Amino acid sequence: MRGVALPPVEVEGPGGIPVVVAARSPDDTVGELAAALGVDPEATVVIDGRAVPRATALVAVGFRRGSRVGAALGDIAPSSTAGRPLVIVVCEAGPGATGPVRLGAGRHVIGRAAPVAVRIDDPAVEPHHGVLDVTVDGAVHFTQLTGRVPCRVDGDVVAAGVAHVVRDGGAITIGASRIRIGRAGELDPVTLALAPTPGDPWRWTVRRPPRRHV
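Following this note's numbering, the numbering of the sequence shown begins with 2 at its first residue and continues without gaps.
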């Protein structure tokens, strides 16, 4: 195939360094990019919070300006965000409070590191603190990977390394922050407003429209 297979796009490499990715062939792979960036050959390549197999063609990744490329610590299985978002994650309280993140089916990393799927900018959160496993029917499980203080799911302490069910609308306390998880139809940003709480820079307020009764 002649010409440029992937138009040049500026992304964020390991350590936050700016990198311009431009695949010259449709056969160029994630593994080749990782090698060029000095990523450990044994590490899992993570792009925008997704663990991506090294054999994946660069043209199939879906790079956009500002995409983050890095490596994950530990054994994190490849995930898929193909298709419509199934759940919405909102960090609603704490120093990491921020807007909603849409997740599809697959395994998604939560932590403070730049390339994770759900980034929480909280000093009490580890770079790769835990994972959310989302099934194709929207069920969610949370597993804590690291951290000296146990996380909580709806107030209940979780055991590290054990998957815990997160109900629709359930909350996870991680570090000094709290995230809430719901089905995309329930916590969709179209029907949800997340705004800073007056006088409290560590807390955001989730405002929902009135429920319809039929």
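Ideal Cβ positions, reconstructed from N, Cα and C, are used throughout, including at glycine. Being a predicted model, the structure only gives us computed values, none of them experimental.
Within the same chain, and ignoring the five residues on either side of C152 in sequence, the residues whose Cβ sits closer than 7 Å to its Cβ are G131, Q145, V159, I173, T174, I175. Per DSSP, L34 is not a residue of any beta strand (DSSP E); the alpha helix (DSSP H) it occupies stretches across 31-37. Segment contact: the segment 31-48 against the segment 8-17, three or more CB-CB distances shorter than 8 Å; contact assigned. In the DSSP assignment, the residues bridged to D157 are V154. F143 has L133, H165 as its beta-bridge partners, per DSSP. Where R179 is concerned, the enclosing beta strand (DSSP E) starts and stops at 178-184. Closest option to D122, judged by alpha-carbon separation, among P27, V31, E93: E93. Residue burial annotation: A98 is buried, with at least 16 other C-beta atoms found within 10 angstroms of its C-beta.
Here the alpha carbons of H109 and G100 stand approximately 17 Å from one another. In this structure R69 touches P116 by the C-beta definition: roughly 4 Å separates them, less than 8 Å. Closest option to V60, judged by alpha-carbon separation, among L34, A52, G50: L34.
Classified as buried, A114 has 16 or more neighbouring CB atoms from the shown chains inside 10 Å of its CB.
DSSP places V60 within a helical segment (H, G or I) once states are collapsed to three. In the DSSP assignment, R108 falls within the beta strand (DSSP E) that extends over 107-112. Exclusion of the five residues before and after G170 leaves G183 as the residues of its chain whose Cβ lies within less than 6 Å of its Cβ. For A172, the beta-bridge partners assigned by DSSP are R181.
Between the C-alpha atoms of V88 and A23 there is a straight-line separation of about 32 Å.
Between the C-alpha atoms of V167 and V31 there is a straight-line separation of about 32 Å. When secondary structure is reduced to three states using DSSP, P124 falls in the coil class, being assigned neither helix nor strand.
In terms of Cα proximity to S26, the closest of P8, R51, L104 is P8. Distance between V20 and A36, taken at the CA atoms: about 13 Å.
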